[in-house]
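Peer 1: Residue numbers (our numbering): 1 to 382.
For glycine and all other residues, C-beta sits at the position ideal for the given N, C-alpha and C.
Note that the structure is a prediction, hence the values are computed from the model and not measured.
Quick one: structure below, then a few questions.
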């Protein structure tokens, strides 16, 4: 009985120390923990304001949950068991595990061929109006406008999806629906990059297995199709083929989908990087100049404004709106232009008139993924 009383007298002091210690030094790591694999900013230690104390308990609970000792170790163990023992996705809400351990981003485009995900008539008409507006705007400024649609991974590799997310190749997708509607109702230049990636996937793997982005080979094929499309209007753009690139070994690449699971040290993917051969004389060089202020709250401001130049004034100048799929393309696409400006406008895919009208561009390209097409519906009413 005496030992029982002593034990429960100690408990309140133990909990007081547990609370006081992190409040004093901002840490709850009594045991060395792994780094968090969550792709988000962890909660910060809140300050206690006696005059406004109501939010503090929830704020502190969020902080405690994010920083409690060995949490990430336990999450890692759970993910390890689910993946290696039960052959399941450790994070099914975010990451779909397909056949042969192909990872897919579990967004609405994974089952994109379900009728429920198609655009309605009003949305299709708004797409048409937006692209017609852009076509006329750039024509007025003596520039050609191109919309290049980058496919989702499941559009190119449907054979590795499975279960509830099986991608049915026999049905049309909402991208097919949109392109068919625009083909009959607009003169806008649209580049469907699915065609070249599907045609060339027997020759090279064109998407990462552990990442939702295309790999270097996919980026090369996509870039060459864009240059071929623009060359129809600017014949001086040099013809580049896949054989003009050489493959060089590249470090192991843990894909972004695997990183979310925290297993990137165990599930690695080797890749090859493709660069223009030494025989290619007109290689673009990097221009360090930056003319525009960074976007507020944008995590990738280093990529907001990227410039390349071949110094070949016989070639057109191009402005290209990009997103994370543009990381591999800058040195490829820019080989076909004189001056090239790549802009990552925080996934807004705007015209960015203030930038375009401040410089001299002959070509304007919006590169947008299937998953982000709806962003074109969020532009100002035309």
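Within 10 Å of its beta-carbon, does residue 339 have 16 or more other beta-carbons around it, so buried, or fewer, so exposed?
Peer 2: Residue numbering aside, residue 339 sits at position 339 when the chain shown is read from its first letter. By the neighbour-count rule (16 or more Cβ atoms within 10 Å), residue 339 is buried.
Peer 1: Give a yes or no on whether the C-beta atoms belonging to residue 226 and residue 144 are separated by under 8 Å.
Peer 2: To locate residue 226, count along the chain shown from 1; it is residue 226. To locate residue 144, count along the chain shown from 1; it is residue 144. No.
Peer 1: Just the Cα atoms here: how many angstroms apart are residue 267 and residue 254?
Peer 2: Looking up residue 267 in the chain shown gives position 267. Looking up residue 254 in the chain shown gives position 254. Cα to Cα, residue 267 sits roughly 7 Å from residue 254.
Peer 1: Tell me, which residues are paired with residue 308 by DSSP?
Peer 2: Residue mapping note: residue 308 aligns to position 308 of the chain shown, counting from 1. Answer is 286 and 340.
Peer 1: Residue 322: buried (16+ other C-beta within 10 angstroms of its C-beta) or exposed?
Peer 2: By 1-based counting over the chain shown, the position of residue 322 is 322. When all chains shown are included, residue 322 counts as buried.
Peer 1: Would you check if the distance between the CB atom of residue 191 and the CB atom of residue 237 is smaller than 8 Å?
Peer 2: Within the chain shown, numbered from 1, the residue matching residue 191 stands at position 191. Within the chain shown, numbered from 1, the residue matching residue 237 stands at position 237. Their beta carbons are not under 8 Å apart, which means residue 191 does not touch residue 237 by this criterion.
Peer 1: Taking C-alpha atoms, which residue in 220, 378 and 282 lies nearest to residue 314?
Peer 2: Counting from 1 along the chain shown, the entry for residue 314 is found at position 314. Measuring from the Cα of residue 314, the nearest candidate turns out to be 282.
Peer 1: Suppose only complete runs of 4+ residues qualify. What are the alpha helix (DSSP H) ranges in the region 195-243, listed by chain order?
Peer 2: Runs found: 216-231.
Peer 1: Considering only C-alpha positions, which residue in the set 182, 125 and 233 is nearest to residue 382?
Peer 2: Sequence index remark: in the chain shown, residue 382 carries index 382 (1-based). Looking at the Cα atoms, 125 is the closest of the given residues.
Peer 1: Compute the Euclidean distance between the alpha carbons of residue 377 and residue 210, then round it to the nearest angstrom.
Peer 2: One-based indexing of the chain shown puts residue 377 at position 377. One-based indexing of the chain shown puts residue 210 at position 210. Straight-line Cα distance between these residues: approximately 30 Å.
Peer 1: Give the straight-line distance between the Cα atoms of residue 99 and residue 247, rounded to the nearest whole angstrom.
Peer 2: On the chain shown, position 99 is the one that residue 99 refers to. On the chain shown, position 247 is the one that residue 247 refers to. C-alpha separation (whole angstroms): 27 Å.
Peer 1: Going by DSSP, which residues form a beta bridge with residue 383?
Peer 2: Since the displayed the chain opens at 1 and closes at 382, residue 383 lies outside it and no answer follows.
Peer 1: Assuming residue 95 contacts residue 103 under a Cβ cut-off of 8 Å, what Cβ separation, rounded to an integer in Å, is found between them?
Peer 2: Along the chain shown, read from residue 1 onward, the residue named residue 95 stands at position 95. Along the chain shown, read from residue 1 onward, the residue named residue 103 stands at position 103. About 6 Å; that satisfies the 8 Å criterion.
Peer 1: Examine the ligand SAH and report whether any of its heavy atoms sits within less than 7 Å of the Cβ of residue 241.
Peer 2: Absence of the ligand SAH is noted for the structure shown, with no ligands found whatsoever.
Peer 1: Could you tell me how far apart the beta carbons of residue 156 and residue 97 are, in whole angstroms, since I believe they sit closer than 8 Å?
Peer 2: What you label residue 156 is simply residue 156 of the chain shown in a count that begins at 1. What you label residue 97 is simply residue 97 of the chain shown in a count that begins at 1. Not confirmed; about 18 Å, so no contact.
Peer 1: Taking DSSP's pairing of strands, which residues face residue 272 in a bridge?
Peer 2: What you label residue 272 is simply residue 272 of the chain shown in a count that begins at 1. Answer is 249.
Peer 1: Taking the C-alpha atoms as reference points, what is the distance between residue 131 and residue 317?
Peer 2: Counting from 1 along the chain shown, the entry for residue 131 is found at position 131. Counting from 1 along the chain shown, the entry for residue 317 is found at position 317. If you take the alpha carbons of residue 131 and residue 317, they lie about 21 Å apart.
Peer 1: Excluding the 5 residues preceding and the 5 following residue 299 in the sequence, name in chain order all residues of the same chain whose CB lies nearer than 6 Å to its CB.
Peer 2: Taking the chain shown and counting its residues from 1, one reaches residue 299 at position 299. No residues qualify anywhere along the chain.
Peer 1: Measure the C-alpha to C-alpha separation of residue 383 and residue 363 and round it to an integer number of angstroms.
Peer 2: Because the chain in this structure spans residues 1 to 382, residue 383 falls outside the shown range and cannot be described.
Peer 1: Assuming contact is defined by CB atoms lying nearer than 8 Å, are residue 285 and residue 309 in contact in what I supplied?
Peer 2: Taking the chain shown and counting its residues from 1, one reaches residue 285 at position 285. Taking the chain shown and counting its residues from 1, one reaches residue 309 at position 309. Yes, the pair counts as a contact, with Cβ atoms nearer than the cut-off.
Peer 1: Considering just the uninterrupted stretch of the alpha helix (DSSP H) at residue 260, what are its terminal residues?
Peer 2: Against the chain shown, residue 260 aligns to sequence position 260. Here the alpha helix (DSSP H) through residue 260 covers 256-261.
Peer 1: Starting from residue 183, trace the alpha helix (DSSP H) both ways and give me its first and last residue.
Peer 2: Residue 183 sits at position 183 when you count from the first residue of the chain shown. Its alpha helix (DSSP H) spans residues 174-183.
Peer 1: Following the continuous beta strand (DSSP E) through residue 135, name the residue where it begins and the one where it ends.
Peer 2: Here residue 135 is taken as the residue at index 135 of the chain shown, counted from 1. No beta strand (DSSP E) contains residue 135, which is instead part of the alpha helix (DSSP H) from 121-140.
Peer 1: Where does residue 81 fall in DSSP's three states?
Peer 2: For the purposes of this step, residue 81 is taken as residue 81 along the chain shown, with counting starting at 1. Here residue 81 sits in helix by DSSP.
Peer 1: Skipping 5 residues on each side, what residues in its chain have a beta carbon closer than 8 Å to that of residue 178?
Peer 2: Translated into positions along the chain shown, residue 178 becomes position 178. Taken in chain order, the residues that qualify are 119, 124, 127 and 373.
Peer 1: Output needed for residue 345: all residues of its chain with C-beta closer than 8 Å, excluding positions within five of it in sequence on either side, in chain order.
Peer 2: The residue given as residue 345 occupies position 345 in the chain shown. For residue 345, where only same-chain residues beyond five positions count, the Cβ hits under 8 Å are 295, 304, 321 and 352.
Peer 1: Let me know the secondary structure DSSP gives residue 144 once reduced to three states.
Peer 2: Mapped onto the chain shown, residue 144 falls at position 144. Three-state DSSP puts residue 144 in a strand.
Peer 1: Measuring only the C-alpha atoms, how far is residue 366 from residue 195?
Peer 2: In the chain shown, the residue the question calls residue 366 occupies position 366. In the chain shown, the residue the question calls residue 195 occupies position 195. So the alpha carbons of these two residues sit roughly 18 Å apart.
Peer 1: Figure out for me which residue from 265, 73 and 331 has the closest Cα to the Cα of residue 276.
Peer 2: One-based indexing of the chain shown puts residue 276 at position 276. That would be 331, whose Cα lies nearest to the Cα of residue 276.
Peer 1: Report buried or exposed for residue 174, applying the criterion of at least 16 other Cβ atoms within 10 angstroms of its Cβ.
Peer 2: Translated into positions along the chain shown, residue 174 becomes position 174. That one is buried.
Peer 1: Whose C-beta lies closer than 7 Å to the C-beta of residue 301 among residues of the same chain, with five residues either side of it excluded?
Peer 2: Here residue 301 refers to the residue found at position 301 when the chain shown is read from its first residue. Excluding positions up to five away in sequence, the list reads 294 and 295.
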